[in-house]
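Structure record follows, encoded as C-alpha cells.
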Amino acid sequence: MPAAARRRGARVLCALLWAALARCYNVDVGRPVVFQGPNGSFFGYSVLQHYHDSTRWVLVGAPKAESKYSTSVQSPGAVFKCRVHTNPDRRCTELDMGRGNSRGTLCGKTCKEDRDDEWMGVSLARQPKAGGSVLACAHRWKNIYYETEYILPHGFCNIIPPNLQPNGRKLLPCYEEYKKKYGEEHGSCQAGIAGFFTEELVIMGAPGSYYWTGTVKVLNLTDNTYYKLNDDAVIARRYTYLGYAVTAGHFSQPTATDVVGGAPQDGGIGKVYIFRTDRRSGSLIKIFQASGKKMGSYFGSSLCAVDLNSDGLSDLLVGAPMFSEIRDEGQVTVYINRGNGVLEEQLVLGGDGAYNAHFGESMAALGDIDDDGFPDVAIGAPKEDNYVGAVYIYHGDADGMVPQYSMKLSGQTINPVLRMFGQSISGGVDMDGNGYPDMTVGAFLSDNVVLLRSRPVITMDISIFLPASINITAPQCHDGLQPVNCLNVTACFRFSGKRVPGEIGLNYNLTADVAKKEKSQQTRVYFVTSGEAAGQITEKLQLSYMQEKCEHYLAHVKKRVKDVISPIVFEAAYSLGEHVIERGREDKELPALKPILRWKKGQKIAQRNQTVFERNCQSDDCAADLKLQGKLLLSSVDDRTAYLALGAVRNISLNVSISNVGDDAYDTNVFFNFSGELFFIKMWQKEELGIACELLESDFLKCSVGFPFMRSKSRYDFSVIFDTSHLSGQEETLTFLVTAQSGNLERTESLHDNTLTLSVPLMHEVDSSISGEVFPTSFFYGDSVEASNFVQLENQECLFQSLNFTLQVYNAGPSTLPGAFLDISFPNRLSATGAEIFHVQQMMVGQDKGSCSFHRNPSPCIVPQENENIFHTIFAFFTKSGRKVLDCERPGRSCLIIRCNLSSLAKAESCDISIYTLLNTEILKKDSSSVIQFVTRARVRVDTDLRVVEVPNGSPEEKPVVFEALHNLEPRGYVVGWIIAISLLVGILIFLLLAVLLWKMGFFRRKYKEIIEAEKSRKENEDSWDWVQKNQ
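All the letters of the sequence shown, read from the start, carry residue numbers -24 to -1, 1 to 1008 under mature numbering (1 follows the signal peptide of the UniProt record, and there is no 0).
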C-alpha cells in the first residue's frame, strides 16, 4: 500500500476512534431518564436539579403551560417537579407556589398584577447549599394598575422553600410606588428573564430597564436590601440588554461574591461586566468588562462562572450563540482568572462548528463529573442538526479548560423525538447516589427533559520499567548461537477510583518500539515469548482494587540497527474487561452503571516509557562535528570540460568524503537531493566500510554511514553513481545538494560544512552539418533559345528559368539540437544597381521542423530597356567576354537572404529544406558574359541562447551550391550581311590607302628599264670574271 494511502487510512481510523471516544466517556447515554411534560407547554425551557434531605428532584420550567392552581389565568406557565427515585412512570407534577386563582390581585399601593402569559419558569436557580431554596421567575408578569395609560412588564420571581411547599417569598424587584411610565426607569424591566442564586444573594436580570439599557437586580437576603447599579458608563447607552444573562462567583477574592451581567446588544458586539457588591454604599461597582468580537453575535447572552483550575477563584465562560462564519454556528470564550478581578482570555470553543447550531445558547457547571479534581462544564447547541440539538462536555484542568470536548451528546442518539435538546442544562447534583454529579438537559420544543447520569471513572496506574540504556556493543543474550542485545521489560498495573468495583478485568497490548511502528518504520526490538518473536503482546488480567500486579517480559534488539539515536518507546494500551457489580447494590429503577476508564484529554488511553541506546561521548552535549567534501566526475570526459554534454555523458559520479572531528556520531546519514531526471545506479566504496544507500524518493537518496555509529576522528570515502541518459536539458544546470546529518547535537558554528552544493552546466553538444544541390546545375539562355524551355508567368512577358534547391541539415549528435538558424544567400543582382534576378515561389521545411522568412521580390518580371542599334549589336558581338562569377562572399555583392528557424533535431536526425525559385533570364540577356556562375551559400548556426555548442573539428556548417547560366549569343541575319559588307568595304579602303602610300613614296615613278639593263650587264661581268679565274 502506498504511504499516502496508509496515511489517509490512519487519519480515517483516528477520526473514527475519536468519534467513538467522544461519545463514550462517563456521561451515560444508554440509560437516559426521560420526563415528558404537557404538549406545547415549552416543558424543559429551564431545568434545575434539586435535592432536599434524601430526595432528588428535577424541577422543570414550562413557561407556556396552563396551571391547575390558577385556572382562571391564561397560560401563566408553571414549574414542575419530577421525582428521580420511586417514580417508575416518570411522572411530573406541577409545583404549587401558593399564588392563588384570582385575577387582578393587588400587590402594592399602585400595583395590580396580570399573570396572563407571564412565562413562569422562564428561569430557575438554586442556592448552592444543603437545604437551599429555589428561585423561579416569570419575566412577563405585568403591573396593570395604570392599565388605562400603561401596562408595565415588571417581571416577578418567587423564592420557593427547600421542601417545595407553597409558602414561598414573592419578589417584585422592579416595582416602585407611583412609577407608571413604560420604558422609563424600571417601567419595562422584565426582571427574572435570567436568575442566579447564591447563599446570600438573589440575582435577577432586568434587560428592559431604562429603555432596554437593562440592569441587574441584586437582593441581599441577609439585610433584605437591593444593590443599585449607578455606573453611568455602564447604563448610559440604550438597548444594550444588560441583565439578559446573569451569574455570580468569586472573581476578586476567594471569599467575595461578585456579580456578572451580560449585555448582548452593547455596541452591537455585546459586552460582559463583573461588579463587586459594596455593602457600605449598597451599590454595584464595575471591576471588569469584556467585549465581543463580531457584530450580532449576542456575546454575553449566556454566562457560566466556574473555577476551572480549582485555584479558589472563579473563571468565566461567555456565550455568543449567534457568532457566524456561515450562519449562527456560535462560540464560547473562556476567561481565566488571574486574581483581583483580572481575567485573561484563554481560548475560544466552537464545538463542531455546525451550521445554525447556536453553540453556547446555554451553559452549566456540572461539578467534577469524572473525579479528577477539576470542575467540568456542559455547553448546549440546541439548534444543531436542524433543531434536534446537542450538548458538549468540556473539562477543567490545571491550565484552565481542556480545548477538546470529551463527549458530544446528540439529542438524536438519546431519543429521536427530542427537539431543542440543550436549550437548558443543570448539573452539580448526584441524582442517583453513585458519588458522581449528574446532569439534566431540557428539550422544550418536544416538551422533554432528560436526566443523564455519570458513570464511575477508573484511574489506571500503569508503570513500564526499562533499563536506563542499552549497550549495543556488548550483547547480553543469545538467540540460538548468535549473541544479541536484550533488555528486561516489566509492566505493573493498579487501579483506583471512587465507587468502583472491587475487582475488574483489564485487557492490554504491550507494544515494543511503538514510535517506529506508528510511522510504519522498521522496529528495532521485539519480544521473545515461548521461543517466538513478537512485536506486541496481548494479555488479560484480573485486578483487585488498589493492588498492584506486575508482568515480566524479555525483549531482543535486532541486528544491525541503524537508528541508535531515537529512544525505544514501549506502550501499554489498555481497556476494561468484564467486572462484577457487588450484590445488593442493584437498583431496578436506576441500575448501576458500568465504570469507564479515565479520559486522557483526547489522547490515546495508554501508558508509555522509553529507553535509549548507550552512547560514548567526551563532551557534555555529545556533539558531533561532521565535515563534508566532494566533487563531480563525468565519465569518459576530460576533467577540463566545463559542462556536461547531454547524451554524450552516460553516467555521473559524486565522489564524497565525510569526516567526523567531534564525538561519536550516531545515526549518521548523507542525503542527496538531485534532479528527478537522474536515476540512481549504485553506491561504490573502495572497501567495505558499513555504508548503505536507499532511495527514499525518486529524487532523494539516503546513505547511512558507519554502524552503529561513526567514530570520532574517522573518515569515509564513497561514490554515488547516477544515470544521466534521461536528462532533457530543460534545466540550465545539474545540481546536487548533499547534506550530512547525525542524530547527535551539532553546534551551530560547525554546521557550515555539513552542506555541499555541486553543480555542472548542461549543454547540448552537437555536430551539425549541411548539404545541398540544385537542379538544373546549368542552363542556356538567350534569344536563340526556344521559349518553351522557360517558365512564363501569367500576364508576364519575361522568360524565367526554374531552379529547385534542396538542402539538408543533419545533426550527428551526441546531443539533441534544440534549435538552429539556417541562412541561405542568393546573389540577386548582376550589378549593385541592377534589378533583382530571383523570384522565390515556394519554400518547404520537412516535417514542419521550422519556418523561413525572406524579402519577396515585388516585381519579378523586369525587362531592361536599352537603346539598341545595328552598331551596338555588332559591337556587343565583337566585345563579348568569357565567365562571370556571382558570389555573396565577394564584397559589394547584393544578395537575397533567406533565414530559417529550425526546431529540435534529435541525434542522427535530419531536416530537408526545399526552395523553388525562378530566375529572370531577361536580365541575363543584357549581360555580355558567355557564362555566369551563381554561387549560392547555405550556412547553419546553432542557437547559443539554448546552450548549444558545436563539437570541435566537426562537420562543416556551410555549403556552397553552384549552377551556371550559359549565354547562347548567335548574330541575327541582317547583322551577318552587314558584317560582310563592312568587311569588304574596310578591305578596299585599306588597299586603296596602301596604294596611295606607295604612290606617294614614288614606288610607281622608278626607272625599271635602266635597272634591268644594268642588272643584265652586271651579271655578264660576273660571268666573265669567273671564267678567267677558273683558267688560272
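Don't be surprised by glycine CBs; every beta carbon is placed ideally from N, CA and C.
Secondary structure note for E508: its beta strand (DSSP E) is the uninterrupted segment E508 to A510. Less than 8 Å separates the beta-carbon of F471 from that of Y521.
E885 is bridged by DSSP to N787. Taking a C-beta distance under 8 Å as the contact criterion, F264 and V294 do not qualify as a contact pair.
Per the C-alpha coordinates, the member of L289, A209 and P240 positioned closest to L260 is A209.
In the three-state reduction of the DSSP assignment, R994 falls in the helix class. Using a Cβ-Cβ distance cut-off of 8 Å, the stretch 817 to 835 and the stretch 866 to 883 are in contact, since at least three pairs of beta carbons, one from each stretch, lie closer than that value. Here L798 is bridged, per DSSP, to C876 and V916.
In the three-state reduction of the DSSP assignment, A621 falls in the strand class. With respect to L654, D699 sits close: the two C-beta atoms are nearer than 8 Å.
Assigned with DSSP and collapsed to three states, Y274 falls in coil, not helix or strand. With a 10 Å radius around the Cβ and a threshold of 16 neighbouring Cβ atoms, S496 comes out exposed. L965 and L974 have their alpha carbons spaced roughly 14 Å apart. A residue is called buried when at least 16 other Cβ atoms come within 10 angstroms of its Cβ; H532 meets this threshold and is buried.
Of K493, I891 and G748, the smallest CA-CA separation from V938 is found for G748. Separation of T253 and L566 (C-alpha to C-alpha, rounded to the nearest whole angstrom) is 43 Å. Contact annotation: C280 and A366 have beta-carbon atoms that are not nearer than 8 Å.
In the DSSP assignment, K247 falls within the beta strand (DSSP E) that extends over K247 to D254. Sorting A716, T86, F676 and V504 by C-alpha distance to the C-alpha of I634 places A716 at the top. Between I746 and Q777, the gap from beta carbon to beta carbon reaches 8 Å or more. Boundaries for D406: no beta strand (DSSP E) harbours it, and the DSSP string shows neither H nor E there. Take the alpha-carbon of V916 and the one of S906: they are about 33 Å apart. For the pair of segments examined, the stretch 406 to 417 was found not to touch the stretch 321 to 337: the number of CB pairs separated by less than 8 Å stays below three. Relative to the Cα of D643, the nearest Cα in the group I581, S22 and V537 belongs to V537.
By the beta-carbon neighbour count (other beta carbons within 10 angstroms, threshold 16), W660 is exposed. Sixteen is the threshold: when 16 or more other Cβ atoms of the shown chains lie within 10 Å of the Cβ of N134, as they do, the residue is buried. DSSP, read as helix, strand or coil, puts S51 in coil. Counting only the Cα atoms, D693 lies some 52 Å from K935.
Look at T309 here: in three-state DSSP terms it is strand. DSSP places S959 in the helix class (H, G or I) of the three-state scheme.
Judged by their CB atoms, V235 and I179 are nearer to each other than the 8 Å cut-off. Beyond the five residues adjoining it in sequence on each side, D675 comes within less than 8 Å, by CB distance, of N649, F650, S651, G652 and L654 in the same chain, given in chain order. R395 is not a Cβ neighbour of A357, given a cutoff of 8 Å.
It is roughly 45 Å from the alpha-carbon of Y126 to the alpha-carbon of S386. The DSSP-derived three-state label of N332 is coil.
Rounded to whole angstroms, the gap between the alpha carbons of N143 and N77 is 15 Å.
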